[in-house]
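Student: Residue 287 in my numbering sits at position 287 of the sequence shown, and the numbers go up by one each step. Ideal Cβ positions, reconstructed from N, Cα and C, are used throughout, including at glycine. In this text, all values refer to a predicted model and were calculated from it rather than measured experimentally. I'd like to ask some things about the structure below.
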Amino acid sequence: MPLLRYDETVNVNGREKNIHSTRLLPVAVYDYDVVERPVPWHWHEELELFHLLSGSIVCMIGTSQFRLTSGEAYFVNTEVLHGAWSDTSASCRFHSIVFHPRLIGGDTTSVFWQKYLHPLQLNQSLPFMVFQPVEGWQRQVILQMEQAWELICQQEDGYEFRVRNHLSDIFLQIWKHGDVNAVSSIHRNLREEDRIKKMLLFMEEHITDEITNSEIASAAFISNTECMRCFKNVLHTTPGKYLRQLRLSKAKQLLLSTPMKVEKIGELCGFREMSYFAKVFRAEYGSAPLSYRKEHGTLPQ
1 MPLLRYDETV NVNGREKNIH STRLLPVAVY DYDVVERPVP WHWHEELELF HLLSGSIVCM
61 IGTSQFRLTS GEAYFVNTEV LHGAWSDTSA SCRFHSIVFH PRLIGGDTTS VFWQKYLHPL
121 QLNQSLPFMV FQPVEGWQRQ VILQMEQAWE LICQQEDGYE FRVRNHLSDI FLQIWKHGDV
181 NAVSSIHRNL REEDRIKKML LFMEEHITDE ITNSEIASAA FISNTECMRC FKNVLHTTPG
241 KYLRQLRLSK AKQLLLSTPM KVEKIGELCG FREMSYFAKV FRAEYGSAPL SYRKEHGTLP
301 Q
């Protein structure tokens with residue numbers, strides 16, 4: 001599996017569209033800088049290991065927010081909403097490994113799946129775990145993450161076995177120290193996260209349409225007031241601001257990946273007035289849409 005770019009354009013929002021890996025070897029690795037492009041809100045069925053190599057970033061996983069500093073790492077469980085960004089201009093480079101649980105769990109009838117992997121996936125009290133190098137076993141987890149990452153990049157004969165061994169060792173440590181079989185005590189947070197996922201999917205599916213806060217709230221079967229509260233608690237923004245950001249991100253993707261006319265892109269991304277589209281795009285990305293395409297695009301002009 002080659003080294004991949006952590007590409008925002010394939011997972012603008014909602015359930016991630018990117019396919020990490022292949023059927024033969026369900027694992028992919030990424031090397032990226034959060035300063036160049038934040039990791040957008042997304043979730044996926046794969047498990048993820050994330051190691052920050054330099055700088056300091058703000059992480060949001062589920063309803064939790066924390067700061068990760070150079071040398072620290074985290075694990076994200078399957079189907080958990082997460083994102084990350086930098087609030088500095090210094091380099092914030094990371095390595096990430098994203099893989100399907102079957103890589104180490106095997107068949108659903110195996111002891112590896114039934115005793116270890118499946119309980120971990122079902123454990124709603126363990127959406128993520130942070131690893132710090134000052135702690136002995138956590139330092140070893142981080143080291144094994146990097147060893148697995150390097151093996152996947154180099155792809156020498158037999159690397160598949162060694163990668164699976166490293167990842168298995170990591171998740172044995174998570175199983176030992178993460179109280180995988182604990183009974184969940186965070187039902188309220190999980191309910192909020194589930195509502196947010198429904199509303200994000202609705203926004204993605206109706207990005208071209210004129211939609212109201214009431215329609216967004218209805219996607220999760222909640223009131224306008226509850227909708228506003230969920231967005232504030234989980235995403236720290238409002239539905240309107242989030243929808244505008246989603247549309248701008250989608251517009252940027254289309255500008256850089258297609259020869260489509262700017263007016264058509266604005267229309268497809270829900271901007272009815274081209275002057276407003278140009279204004280908010282310039283405010284977000286520093287250039288008007290056409291200028292941005294000329295500066296950053298790779299398609300023939």
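Per DSSP, H95 is paired with what?
Tutor: The count along the sequence shown starts at 1 and reaches residue 95 at position 95. For H95, which the question treats as bridged, DSSP gives the partners D31 and H51.
Student: List, from N- to C-terminal side, the alpha helix (DSSP H) runs of 4 residues or more that fit wholly inside the stretch 247-293.
Tutor: For the stretch 247-293, whole alpha helix (DSSP H) runs of length 4 or above, ordered along the chain, are 262-268 and 274-285.
Student: For the stretch 38-54 against the stretch 91-100, are there 3 or more C-beta pairs whose distance is under 8 Å?
Tutor: The answer is yes - the stretch 91-100 touches the stretch 38-54, with three or more Cβ pairs under 8 Å.
Student: Whole angstroms is fine: what's the gap from Q70's alpha carbon to W137's?
Tutor: Start at 1 with the first residue of the sequence shown, and residue 70 comes out as number 70. Start at 1 with the first residue of the sequence shown, and residue 137 comes out as number 137. Per the sequence shown, the amino acid found at residue 70 is Ser instead of Gln. Rounded to the nearest angstrom, the two C-alpha atoms are 18 Å apart.
Student: Indicate whether G55 and T88 have their beta-carbon atoms separated by less than 8 Å.
Tutor: The sequence position of residue 55 within the sequence shown is 55, counting from 1. The sequence position of residue 88 within the sequence shown is 88, counting from 1. Taking 8 Å as the Cβ cut-off, G55 and T88 qualify as a contacting pair.
Student: Can you list, in chain order, the residues of its chain whose CB lies under 7 Å from that of Q144, leaving out five sequence neighbours each side?
Tutor: As a first step, residue 144 must be located in the sequence shown, where it is residue number 144. H166, D169 and I170, listed in sequence order.
Student: Would you list the residues sitting across from W85 in a DSSP beta bridge?
Tutor: Indexing the sequence shown from 1 puts residue 85 at position 85. Answer by DSSP bridge pairing, in chain order: V58.
Student: As a quick exercise: from W175, G106 and F112, pick the residue whose alpha carbon is nearest that of V141.
Tutor: Locating residue 141 in the sequence shown gives position 141, where the first residue counts as 1. With distances taken between Cα atoms, V141 lies closest to W175.
Student: From the DSSP output, in three-state form, read off A220 for me.
Tutor: As a first step, residue 220 is located in the sequence shown; it is residue number 220 there, counting from the start. If DSSP states are grouped into helix, strand and coil, A220 belongs with coil.
Student: Between the alpha carbons of E36 and F271, how many angstroms are there, rounded?
Tutor: Position 36 of the sequence shown holds residue 36. Position 271 of the sequence shown holds residue 271. Taking the straight line joining both Cα atoms gives about 26 Å.
Student: My guess is that Q27 and I152 are in contact by the Cβ rule of under 8 Å, so how many angstroms apart are they, rounded?
Tutor: Taking the sequence shown and counting its residues from 1, one reaches residue 27 at position 27. Taking the sequence shown and counting its residues from 1, one reaches residue 152 at position 152. The sequence as given places Val at residue 27; Gln does not occur at that position. With 8 Å as the limit, V27 and I152 qualify as a contact, their Cβ atoms being about 6 Å apart.
Student: Grouping DSSP H, G and I as helix and E and B as strand, with all else coil, what is Q65?
Tutor: Within the sequence shown, the letter at position 65 stands for residue 65. The answer is strand: DSSP assigns Q65 an E or B state.
Student: Taking the straight line between their C-alpha atoms, what separation do you get for T63 and Q147?
Tutor: As a working mapping, residue 63 is identified with position 63 in the sequence shown. As a working mapping, residue 147 is identified with position 147 in the sequence shown. Their Cα atoms are separated by approximately 31 Å.
Student: The beta strand (DSSP E) that contains F131, what's its start and end?
Tutor: The count along the sequence shown starts at 1 and reaches residue 131 at position 131. Note, F131: beta strand (DSSP E), F128 to F131.
Student: Can you tell me whether DSSP reads A73 as helix, strand or coil?
Tutor: Taking the first residue of the sequence shown as position 1, residue 73 is located at position 73. Three-state result, A73: strand.
Student: Give me the DSSP bridge partner(s) of H166.
Tutor: The count along the sequence shown starts at 1 and reaches residue 166 at position 166. DSSP lists no partner for H166.
Student: If you draw a straight line from the C-alpha of G286 to the C-alpha of S257, how long is it?
Tutor: Taking the first residue of the sequence shown as position 1, residue 286 is located at position 286. Taking the first residue of the sequence shown as position 1, residue 257 is located at position 257. C-alpha separation (whole angstroms): 19 Å.
Student: When you compare the stretch 197-213 with the stretch 225-240, are there three or more beta-carbon pairs, one atom per stretch, that lie closer than 8 Å?
Tutor: The answer is yes - the stretch 225-240 touches the stretch 197-213, with three or more Cβ pairs under 8 Å.
Student: Quick check on the burial criterion: 16 or more other C-beta atoms within 10 angstroms. Buried or exposed for Y30?
Tutor: To locate residue 30, count along the sequence shown from 1; it is residue 30. Y30 is buried by the Cβ-count criterion.
Student: Taking the C-alpha atoms as reference points, what is the distance between T78 and L243?
Tutor: Here the question's residue 78 lines up with position 78 in the sequence shown. Here the question's residue 243 lines up with position 243 in the sequence shown. So the two alpha carbons sit approximately 25 Å from each other.
Student: Kindly provide the ranges of any beta strand (DSSP E) runs that are 3 or more residues long and lie completely inside the stretch 119-160, ordered along the chain.
Tutor: The stretch 119-160 contains these whole beta strand (DSSP E) runs: 128-131.
Student: Apart from the five residues on each side of it in sequence, which residues of its chain come closer than 7 Å, Cβ to Cβ, to L248?
Tutor: Taking the first residue of the sequence shown as 1, we reach residue 248 at position 248. Around L248: V280, F281 and E284.
Student: Among K264, Y159 and C59, which has the Cα closest to the Cα of L25?
Tutor: Residue mapping note: residue 25 aligns to position 25 of the sequence shown, counting from 1. Out of K264, Y159 and C59, Y159 has the C-alpha closest to the C-alpha of L25.
Student: Out of E273, L68 and L255, state which residue places its alpha-carbon closest to the alpha-carbon of F128.
Tutor: Counting from 1 along the sequence shown, the entry for residue 128 is found at position 128. Nearest of E273, L68 and L255 to F128, Cα basis: L68.
Student: Tell me which residue opens and which closes the alpha helix (DSSP H) that R102 is part of.
Tutor: Walking along the sequence shown from the start, residue 102 turns up at place 102. Per DSSP, R102 belongs to the alpha helix (DSSP H) from R102 to G105.
Student: Can you tell me the Cα-Cα spacing of R162 and N233, whole angstroms?
Tutor: Along the sequence shown, read from residue 1 onward, the residue named residue 162 stands at position 162. Along the sequence shown, read from residue 1 onward, the residue named residue 233 stands at position 233. Computed Cα separation, rounded: 41 Å.
Student: Using a Cβ-Cβ cut-off of 8 Å (strictly less than) and excluding sequence neighbours within five positions of I104, which residues of its own chain qualify?
Tutor: For the purposes of this step, residue 104 is taken as residue 104 along the sequence shown, with counting starting at 1. Cβ within range, chain order: F112, L117, R164, L167, S168 and F171.
Student: Provide the residue span of the beta strand (DSSP E) that contains H206, from first to last.
Tutor: Walking along the sequence shown from the start, residue 206 turns up at place 206. Per DSSP, H206 belongs to no beta strand (DSSP E) and is neither H nor E.
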